[in-house]
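Student: Position one of the sequence shown corresponds to residue 1 (full-length UniProt numbering), numbered consecutively onward.
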Amino acid sequence: MWRILSVKTPLPQTLRNSATVVLAAQTSSRPGANGFNYKVMLMKRVGTGSFKYAHVFPGGNTDNTDTSPAWQSLLSVKRPDQASRIAGLRELFEECRLLMVQPRQAILSGAKPEVTLVQDPATLTSLQTAVLECPEEYQEWFTRNPHWSPATEALLPLAHWITPMTYPKRYNTRFYLLPFSPTGLDSPGPNSDTNFPLPEVHLHAHENSEFAWFTPTEILEQYATGAVHMLPPQWYVLNDMRAHPTLQGLVNRTRRTPVVPFLPHFQRLPTGRFASLLPGDPEHPYSYLGDAPQADSAVPGEEDTSWFHGRVRGPEEDGTSARHRLIFDREQGQIMNLELQRNLTFETLPTPDSHL
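(1) Which word fits D296, buried or exposed, when buried means at least 16 other C-beta atoms lie within 10 angstroms of its C-beta?
(2) What do you reckon, are the CB atoms on F196 and Q26 nearer than 8 Å?
(3) Buried or exposed: which applies to G280, given that a residue is buried once 16 or more other Cβ atoms fall within 10 Å of its Cβ?
(4) If you drop the 5 nearest sequence neighbours on each side, which residues of the same chain put their C-beta closer than 6 Å to that of T152?
(5) Would you mind working out which of L247, P233, N252 sits nearest G35, comparing C-alpha positions?
(6) Identify, in the order they occur along the chain, each residue of the same chain with its Cβ nearer than 6 Å to the Cβ of Y223, setting aside the five sequence neighbours on each side.
(7) Quick check: the Cα distance between E140 and A130, rounded to an integer number of angstroms?
(8) Among the candidates T271, P164, E94, R330, whose CA atom is the shortest distance from the CA of P135?
(9) Can you say whether L338 is buried or exposed, counting buried as having 16 or more other CB atoms within 10 angstroms of its CB?
(10) Return the bridge partner residues of G310 from the DSSP annotation.
(11) Leaving out five residues before and five after E137 in sequence, what residues of the same chain have Cβ atoms less than 6 Å from its Cβ?
(12) Looking only at C-alpha atoms, which of E218, S321, Q267, A322 sits nearest to A243?
(13) For E303, does the count of other Cβ atoms within 10 angstroms reach 16, so buried, or fall short, so exposed?
(14) For A298 and T163, what's the separation of their Cα atoms in angstroms?
(15) With distance defined between alpha-carbon atoms, name the residue in T65, L74, F214 nearest to L23.
(16) For the alpha helix (DSSP H) holding Q222, just list the boundary residues, first then last.
(17) Looking at the secondary structure, which residues open and close the beta strand (DSSP E) in which M230 lies?
(18) Write down every uninterrupted run of the alpha helix (DSSP H) in the segment 37-124 whose length is 4 residues or greater and which is fully enclosed by it, in chain order.
(19) In or out: Q72 buried (at least 16 other Cβ within 10 Å) or exposed?
(20) Count the other CB atoms, across all protein chains shown, that sit within 10 Å of the CB of A83; report buried if there are 16 or more and exposed otherwise.
(21) Short of 7 Å in beta carbon distance, which residues of its chain neighbour V101, apart from the five on each side in sequence? Order them along the chain.
(22) For my contact list, L344 and V237 are in at a C-beta cut-off of 8 Å; report their separation, rounded to the angstrom.
(23) May I ask which residues mark the beginning and end of the alpha helix (DSSP H) holding Q139?
(24) Can you round the beta-carbon distance between L273 and F328 to whole angstroms, since I take them to be within the 8 Å contact cut?
(25) Taking the alpha-carbon positions, what's the Q267 to P12 distance?
(26) Hey, could you find the ends of the alpha helix (DSSP H) Q248 is sitting in?
(27) Classify E331 as buried or exposed, calling it buried when 16 or more other Cβ atoms lie within 10 Å of its own Cβ.
(28) Please report the distance separating the alpha-carbon of V312 from that of F142.
(29) Could you check if Q341 is buried or exposed, using at least 16 other CB atoms within 10 Å of its CB as the buried criterion?
(30) Output the boundary residues of the beta strand (DSSP E) element that contains A25.
(31) Any idea what DSSP makes of Q267, helix, strand or coil?
(32) Grab the span of the beta strand (DSSP E) containing L156 for me, first residue to last.
(33) Can you tell me the Cα-Cα spacing of P146 and Q128, whole angstroms?
(34) So, are the CB atoms of Y167 and L15 less than 8 Å apart?
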């Protein structure tokens, strides 16, 4: 049964805005022996800094240059999350030397052009070095090449995770799916089985020690054996992706699925394990089933909020049996052995004026 759900997520000014790009590249015209026709690229963090040894998607914090007014004349479409989209693509280039672009005039004319991967090794090598030293150089490249726009219109909002309040460093992170197909997502493709090469990655080794391409099932199986370490957002995203064996199917699902802001709330269970409560779970403190709180009922100490207003389908009319939580263990401060308990689906509704 559908019930109204409102999620009021505190967004304090101390949050760092960041963006993550889930690059999914088509590998074949049809799913192969591994069950998929695409792979996603993940990098392994080094043993210093944040997220030690974790496998992560490309991404990072927004920079002042990502919000520069100069972008207004370089982008074909203006969006509220413009800075996050630019930051994600810039970080993808900095970390992997993948310059993803789209023809600007085609977008202005209303077309939906496929993503182009710039192929110019000499230029890209020097540009990567320049952007790492000065992020503004990313913008300058598009100023010098005005027929291209960064592939912001190819990014599909995928997830929105906010670091729990108990952490000293907190991030407001938007995840975007970037589908890449050599033949084009909307084309029928070849009638016979055809394999496609993966984009050539040149990893910047300052923060990452290695990279690899995985199907969602491959990386999750390695996580289950302890061969790789992942953080909850990456694991959750990949767990959802493994239900979609084709890139087009994944894109279709992403386009129709609402993005709900996830601010996890930790709870210790009687078993000694832990639960990360997520929106829609009856015990999640920022989820409201039925009547939503008034817009002025702010959480003390929080300067801003992010609203999701929609419907949730749960197993019982009163929602008491609903579950949306990650179960995990803690070992030496790390979150391990993630499991998902979820029997909910979400649907977007128009946001009431009182929540704006």
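Just so you know, even glycine gets a beta-carbon here, dropped at the ideal spot from N, CA and C.
Remember, it's a predicted structure, so these values are computed and weren't measured experimentally.
Tutor: So, to answer that:
(1) As a working mapping, residue 296 is identified with position 296 in the sequence shown. Any reading at D296 needs caution, since the residue's pLDDT is 38, under 50, leaving its predicted position unreliable; the model's value is listed next. Exposed: under 16 other Cβ atoms inside 10 Å.
(2) As a working note, residue 196 is residue 196 in the sequence shown. As a working note, residue 26 is residue 26 in the sequence shown. Yes, these two residues count as a Cβ contact at 8 Å.
(3) Counted from its first residue, the sequence shown places residue 280 at position 280. Its Cβ being crowded by 16 or more others within 10 Å, G280 is buried.
(4) To locate residue 152, count along the sequence shown from 1; it is residue 152. So the list reads R85, once near-sequence residues are dropped.
(5) Indexing the sequence shown from 1 puts residue 35 at position 35. Answer by Cα proximity: L247.
(6) As a working note, residue 223 is residue 223 in the sequence shown. If we look at Y223 and ignore the five residues flanking it on each side, its Cβ neighbours are M230.
(7) For this step, residue 140 is matched to residue 140 along the sequence shown. For this step, residue 130 is matched to residue 130 along the sequence shown. Straight-line Cα distance between these residues: approximately 10 Å.
(8) For this step, residue 135 is matched to residue 135 along the sequence shown. For the residues T271, P164, E94, R330, the minimum Cα distance to P135 belongs to E94.
(9) For the purposes of this step, residue 338 is identified with residue 338 of the sequence shown, where counting begins at 1. The residue is buried, with at least 16 neighbouring Cβ atoms inside 10 Å.
(10) Start at 1 with the first residue of the sequence shown, and residue 310 comes out as number 310. Paired residues: L5, T348.
(11) By 1-based counting over the sequence shown, the position of residue 137 is 137. The answer, listed in chain order, is A130, V131.
(12) Residue numbering aside, residue 243 sits at position 243 when the sequence shown is read from its first letter. Taking only the C-alpha atoms, the option nearest A243 is E218.
(13) Here the question's residue 303 lines up with position 303 in the sequence shown. Residue placement at E303 is poorly supported in this model, since its pLDDT is 42, which falls under 50; the coordinates still yield a value, given next. It counts as exposed.
(14) Stepping through the sequence shown from its first residue, residue 298 is reached at position 298. Stepping through the sequence shown from its first residue, residue 163 is reached at position 163. Residue confidence for A298 is low, a pLDDT of 38 falling below 50, so the modelled location carries little weight; the figure read from the coordinates is stated next. If I take the Cα positions, the gap works out to 18 Å.
(15) The residue given as residue 23 occupies position 23 in the sequence shown. Scanning T65, L74, F214 for the CA closest to the CA of L23 turns up F214.
(16) By 1-based counting over the sequence shown, the position of residue 222 is 222. Per DSSP, Q222 belongs to the alpha helix (DSSP H) from 216-225.
(17) Position 230 of the sequence shown, counting from 1, holds the residue named residue 230. Where M230 is concerned, there is no enclosing beta strand (DSSP E), given that its DSSP letter is neither H nor E.
(18) 82-96, 104-108
(19) For the purposes of this step, residue 72 is taken as residue 72 along the sequence shown, with counting starting at 1. With fewer than 16 Cβ atoms within 10 Å of its Cβ, Q72 is classed as exposed.
(20) Walking along the sequence shown from the start, residue 83 turns up at place 83. Under this definition A83 is a buried residue.
(21) Position 101 of the sequence shown, counted from the first residue, corresponds to residue 101. So the qualifying residues of the chain are T116, V118, W148, S149, P150, A151.
(22) Within the sequence shown, residue 344 is the residue found at index 344, counting from 1. Within the sequence shown, residue 237 is the residue found at index 237, counting from 1. With 8 Å as the limit, L344 and V237 do not qualify as a contact, their Cβ atoms being about 17 Å apart.
(23) The count along the sequence shown starts at 1 and reaches residue 139 at position 139. Boundaries of the alpha helix (DSSP H) around Q139: 136-144.
(24) Walking along the sequence shown from the start, residue 273 turns up at place 273. Walking along the sequence shown from the start, residue 328 turns up at place 328. The sequence as given places Arg at residue 273; Leu does not occur at that position. About 7 Å separates the two Cβ atoms, so the contact holds.
(25) As a position in the sequence shown, residue 267 is number 267, starting the count at 1. As a position in the sequence shown, residue 12 is number 12, starting the count at 1. C-alpha separation (whole angstroms): 22 Å.
(26) Taking the sequence shown and counting its residues from 1, one reaches residue 248 at position 248. For Q248, the enclosing alpha helix (DSSP H) begins and ends at 247-256.
(27) The sequence position of residue 331 within the sequence shown is 331, counting from 1. With a 10 Å radius around the Cβ and a threshold of 16 neighbouring Cβ atoms, E331 comes out exposed.
(28) The residue given as residue 312 occupies position 312 in the sequence shown. The residue given as residue 142 occupies position 142 in the sequence shown. Near 42 Å, if we compare the C-alpha coordinates of F142 and V312.
(29) Start at 1 with the first residue of the sequence shown, and residue 341 comes out as number 341. Looking at its Cβ environment, which holds fewer than 16 other Cβ atoms inside 10 Å, Q341 is exposed.
(30) For the purposes of this step, residue 25 is identified with residue 25 of the sequence shown, where counting begins at 1. 16-26 is the span of the beta strand (DSSP E), which, as asked, contains A25.
(31) By one-based count along the sequence shown, residue 267 stands at place 267. Assignment of Q267 by DSSP, reduced to helix, strand and coil, places it in the strand class.
(32) Start at 1 with the first residue of the sequence shown, and residue 156 comes out as number 156. Start and end: 156-162.
(33) Taking the sequence shown and counting its residues from 1, one reaches residue 146 at position 146. Taking the sequence shown and counting its residues from 1, one reaches residue 128 at position 128. Spanning the two alpha carbons is a distance of roughly 19 Å.
(34) Taking the first residue of the sequence shown as 1, we reach residue 167 at position 167. Taking the first residue of the sequence shown as 1, we reach residue 15 at position 15. For Y167 and L15, no; Cβs fall outside 8 Å.
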